[in-house]
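Residue numbers (our numbering), protein chains in the order written: chain A, -6 to 361; chain B, 133 to 645.
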């Protein structure tokens, strides 16, 4: 039988002032860098400061690199923003990958079949609508099943990803160019028809602007509209929603249509605004990474901007140190892992306070 | 000297964030006695007992079991010390049998010797007068049976010190009597028992001594032989509370709801309400009595539009004013009802899971029923905040701010927010289910006062309750449900407790028509 006070004592915090929470996060980031430095030095004998500088170099070292980072972060952010309403509703949409792919396929189809017939403006308009519709469809199907038969949305949306991947495979085979390459190649390479145009001479600026507008719009939608209120109520308790006269089924279907639509739009941006091609790697796991983005930001779309940037920065930095120092990918993955571990772990210390056994108290007891 | 006490808790303090749940509390339990732990809601009774049963760990203070200072860091430690607690929410696995639930978590191999367990269970039952079928599945059990099983489970594990957390809250008067009988048997066998309660009559009836907490502080203890209701109330609330509930004669009651042939079946086709015929009048409080699960919930939810009924059922709403066409409520749903301008207020039994959004602040909850109003796609921001401030001020809701999620409020304050919102809707019908369950005396009286004010304002009030004393002192008429059927409607002023209790358990026309 234990006859002593436990060594560690964990208690829930009552809510922390925002700036203190950010201090904890900052401390975690610093700690992460220190531990990573230790790891880097002990394994590779490289100067950690140089390695960090290389990471920065990889992500922001040249205007070109900075724009690529911004481009990738904005696509990741777009998916995260798409997941926000579903997650607020506690509808675990893990199907962003598929919804994005369907949006990408729809865009590619419009670009390929309409490339010669329509102007770029018309192409963009049609492909936006098509990608939004395709993503929304992919989101609505599991929502309908959930609303009607209470199927498990996590499994359902996950499975929908594989259907989307198979459809993409089929389309890639259909649109193969040149024949035998097993890829679609760059669509409308000569004419650039249907490509998102450069803004002020910056190729990816429009991508970033579109996503930032979406980010603000989604924040306002969730926080200030009646729809947003309904989403929060349904997410908290379906019973309460019914009690308040909210049609739970309608809210589920409507919200998933929105979630899927935004994820579909990210596919449009990826195809028309970035790669100008379609393949199964158009989504490339970003539909899943975005789940981390959404969760770490606690569904606050503004915080998602930071998280998405951080994740893409880490990815670009990792690639850079791998090539610059001839390390294999795993070493840079470990660094990324350490940083994420500390940042995620810091949330625990924001929620909870940890106290250690105080020796003073025990002495008091002896005297008493 | 120390041998005399099974439990001594000295200067025990526990804080949650800024809230001090227990402040230097002192408690002693003699061997072979029943001790009542009395206090209003939020006075820290359950917190104190959770520290004894290893669920919480005290910030400071000492605990002595049988005279020896101990550290209880986990429920396992408590169990090793012979302490067993029966919680308000039972911790049983529905799909297993009674014996299997007892075997869960016991040391030993993978194999369960059902026969041995069943034998020992029977032995415990015979000894104390429990009635448990070891082979019965939990989902087939009534609340009372589950509670009995929880007690047997703790005894099976060798508990010498039993803690019962508000055990009578879920029991009928008859079941309570049965529970008290076995508690006395256990005491006579040398067990030491703590019963958490806020019902004074139970304190006086069952316990040898009583310890009173108020706002997390130890107030005192006394032998119940020397105590009376007045003295205990004073200790508990700190000042004398009038025990009379005000009841005015209904002023010109007017028929508001006509319930005809209301029959409700649940998903499995089980009849929950059977052919109910009942009128509800504006300006009166209609009480609904019955053993829990006899159709009270279905009745209120059917009126509120949340419960589909069998065809042929009818709930007609007669609007206020001289004469208007009566409207059929069944089949409309809550939204259509409110769109027609019919203002039904409903205080459901499950406050945080149905009446409120637990994670939202008070203002957010104010919007719940009215957020739709207006053409703008945006929700109105100002009005809910004004409403929230009004309710916090008028009903004296204790909260750090109106931005605090309602989940963090205590039970009584949660109910004030809920009732306050429903009344702010200016309803014509106000339904409440177990509106004072788990509330302290002061808050309960606030609720009675609010209901009476609504009655005076010409609202048709329906009060589903479990405490017969309150029903008989508050309500003008009392409809008694028995197994989903309406057994009788009695006059609240002339009916007796025995009469209502009898109607709850015996269907009048069983043999006859």
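Idealized CB from N, CA, C, for every residue including glycine.
Contained alpha helix (DSSP H) runs [length at least 4] in the region 479 to 522 of chain B, N- to C-terminal order: Correct list: 494 to 498.
Starting from the C-beta of residue 422/B, find all residues in its chain whose C-beta is less than 7 Å away, skip the five residues before and the five after it, and write them out in chain order. The sequence position of residue 422/B within the second chain is 290, counting from 1. 428, 612, 613, 614, 636, listed in sequence order.
Could you give the distance in angstroms between the alpha-carbon of residue 263/A and the alpha-carbon of residue 316/A? Counted from its first residue, the first chain places residue 263/A at position 270. Counted from its first residue, the first chain places residue 316/A at position 323. Going from the Cα of residue 263/A to the Cα of residue 316/A covers about 26 Å.
Please report the distance separating the alpha-carbon of residue 253/A from that of residue 170/A. Counting from 1 along the first chain, the entry for residue 253/A is found at position 260. Counting from 1 along the first chain, the entry for residue 170/A is found at position 177. Taking the straight line from one Cα to the other gives about 29 Å.
Run through DSSP, which three-state label would residue 403/B get? The residue given as residue 403/B occupies position 271 in the second chain. For residue 403/B, the three-state secondary structure derived from DSSP is strand.
By the DSSP assignment, the alpha helix (DSSP H) with residue 333/B in it spans what residues? Residue numbering aside, residue 333/B sits at position 201 when the second chain is read from its first letter. Unbroken alpha helix (DSSP H) run through residue 333/B: 332 to 338.
Taking 9 Å as the threshold (C-beta atoms), are residue 193/B and residue 233/B in contact? Against the second chain, residue 233/B aligns to sequence position 101. Against the second chain, residue 193/B aligns to sequence position 61. It is not a contact, given that the beta carbons lie outside the stated cut-off.
When Cβ atoms are compared, which residues of the region 231 to 256 of chain A fall closer than 7 Å to chain B? Residues passing the 7 Å Cβ filter: 232, 233, 235, 236, 237, 238.
Contacting positions in the region 480 to 504 of chain B - beta carbon closer than 9 Å to chain A: Taking 9 Å as the Cβ-Cβ cut-off against chain A, the residues of the region 480 to 504 of chain B that qualify are 480, 482, 484, 485, 486, 487, 488, 489, 490, 491, 492, 496, 499, 500, 501, 503, 504.
Are the region 321 to 331 of chain A and the region 76 to 87 of chain A touching, with three or more C-beta to C-beta distances below 8 Å? Contact fails between the region 321 to 331 of chain A and the region 76 to 87 of chain A, because fewer than three Cβ pairs, one in each stretch, are under 8 Å apart.
Whole-angstrom Cβ separation of residue 356/B and residue 339/B, contact assumed at under 8 Å? If you number the second chain from 1, residue 356/B lands on position 224. If you number the second chain from 1, residue 339/B lands on position 207. Indeed they touch by this definition, with Cβ atoms about 5 Å apart.
Using the DSSP secondary-structure output, state which residues sit across from residue 6/A in a beta bridge. Along the first chain, one-based indexing puts residue 6/A at 13. Partner(s): none; residue 6/A has no beta bridge.
With a cut-off of 9 Å, does the C-beta of residue 43/A fall near any C-beta of chain B? Counted from its first residue, the first chain places residue 43/A at position 50. False, the Cβ-Cβ gap to chain B never drops below 9 Å.
Is the distance from the Cβ of residue 596/B to the Cβ of residue 564/B below 9 Å? Counted from its first residue, the second chain places residue 596/B at position 464. Counted from its first residue, the second chain places residue 564/B at position 432. Contact: yes.
Range of the contiguous alpha helix (DSSP H) that encloses residue 216/A: As a position in the first chain, residue 216/A is number 223, starting the count at 1. First-last of the alpha helix (DSSP H) with residue 216/A: 198 to 217.
Report back the beta-carbon spacing between residue 186/B and residue 289/B to the nearest angstrom; my notes put them in contact at under 8 Å. As a position in the second chain, residue 186/B is number 54, starting the count at 1. As a position in the second chain, residue 289/B is number 157, starting the count at 1. Contact check for residue 186/B and residue 289/B: beta-carbon distance about 13 Å, past the 8 Å limit, so the pair fails to qualify.
In whole angstroms, what separates the C-alpha of residue 197/B from that of residue 191/B? One-based indexing of the second chain puts residue 197/B at position 65. One-based indexing of the second chain puts residue 191/B at position 59. Near 18 Å, if we compare the C-alpha coordinates of residue 191/B and residue 197/B.
Name the chain A residues that come within less than 7 Å of residue 470/B, Cβ to Cβ? To locate residue 470/B, count along the second chain from 1; it is residue 338. Neighbours of residue 470/B on chain A, chain order: 238.
Using only CA atoms, which one of 526/B, 549/B, 479/B lies nearest to residue 536/B? Stepping through the second chain from its first residue, residue 536/B is reached at position 404. Nearest of 526/B, 549/B, 479/B to residue 536/B, Cα basis: 549/B.
Taking Cβ positions only, does residue 226/A come closer than 9 Å to chain B? In the first chain, the residue the question calls residue 226/A occupies position 233. Yes, residue 226/A counts as interfacial toward chain B.
Taking only three categories from DSSP, how would you classify residue 135/A? Mapped onto the first chain, residue 135/A falls at position 142. Helix at residue 135/A.
Can you name the residues of chain B whose CB is closer than 7 Å to the CB of residue 222/A? Numbered from 1 along the first chain, position 229 holds the residue referred to as residue 222/A. Against chain B, the beta carbon of residue 222/A has neighbours under 7 Å at 499, 503, 511, listed in chain order.
Which first and last residues belong to the alpha helix (DSSP H) in which residue 209/B is found? On the second chain, residue 209/B is found 77 positions in, with the first residue counted as 1. Boundaries of the alpha helix (DSSP H) harbouring residue 209/B: 207 to 212, taken from the DSSP string.
List the residues that DSSP assigns as beta-bridge partners of residue 365/A. Chain A is shown from -6 up to 361; residue 365/A falls before or after that span and cannot be answered.
Residue 419/B and residue 606/B look like a contact to me (Cβ under 8 Å); what is the Cβ gap, rounded to whole Å? For the purposes of this step, residue 419/B is taken as the residue at position 287 of the second chain. For the purposes of this step, residue 606/B is taken as the residue at position 474 of the second chain. Taking the Cβ atoms as the reference, residue 419/B lies roughly 7 Å from residue 606/B, within the contact range of under 8 Å.
Give the DSSP-derived three-state secondary structure of residue 642/B in the structure shown. Within the second chain, numbered from 1, the residue matching residue 642/B stands at position 510. Confidence at residue 642/B is low in this model, with a pLDDT of 48, below 50, so the placement of that residue is unreliable and no value is reported for it.
For residue 552/B, which three-state DSSP category applies? In the second chain, the residue the question calls residue 552/B occupies position 420. If DSSP states are grouped into helix, strand and coil, residue 552/B belongs with the helices.
Any contact between the region 474 to 493 of chain B and the region 550 to 569 of chain B? By contact I mean 3 or more CB pairs, one from each, below 8 Å. Cβ pair count under 8 Å is three or more, so yes.
Step through the CB atoms of chain A and report whether any lies within less than 9 Å of the CB of residue 438/B. Mapped onto the second chain, residue 438/B falls at position 306. So yes, residue 438/B belongs to the interface.
Out of curiosity, what's the CA-to-CA distance linking residue 178/B and residue 169/B? Your numbering for residue 178/B matches position 46 in the second chain. Your numbering for residue 169/B matches position 37 in the second chain. So the alpha carbons of these two residues sit roughly 9 Å apart.
Residue 350/B - partner residues in DSSP beta bridges: By one-based count along the second chain, residue 350/B stands at place 218. Residue 350/B pairs with 345/B.
With a threshold of 8 Å, are at least 3 pairs of Cβ atoms found where one atom belongs to the region 129 to 143 of chain A and the other to the region 86 to 93 of chain A? The way I'd put it, the region 129 to 143 of chain A does touch the region 86 to 93 of chain A; three or more beta-carbon pairs between them come closer than 8 Å.
With a CB to CB cut of under 6 Å and the five nearest residues on each side skipped, what residues in its chain are close to residue 172/A? Counting from 1 along the first chain, the entry for residue 172/A is found at position 179. For residue 172/A, where only same-chain residues beyond five positions count, there are no Cβ hits under 6 Å.
Quick check on residue 98/A: buried or exposed, where buried means 16 or more other Cβ atoms within 10 Å of its Cβ? Taking the first chain and counting its residues from 1, one reaches residue 98/A at position 105. Using a 10 angstroms sphere on the CB of residue 98/A, the tally of other CB atoms reaches 16 or more, which defines it as buried.
Within this structure, are the beta carbons of residue 450/B and residue 389/B separated by less than 9 Å? Sequence index remark: in the second chain, residue 450/B carries index 318 (1-based). Sequence index remark: in the second chain, residue 389/B carries index 257 (1-based). At a Cβ-Cβ threshold of 9 Å, residue 450/B and residue 389/B count as neighbours.
What is the DSSP secondary structure of residue 162/A, counted as helix, strand or coil? Looking up residue 162/A in the first chain gives position 169. Reduced to three states, the DSSP call for residue 162/A is helix.
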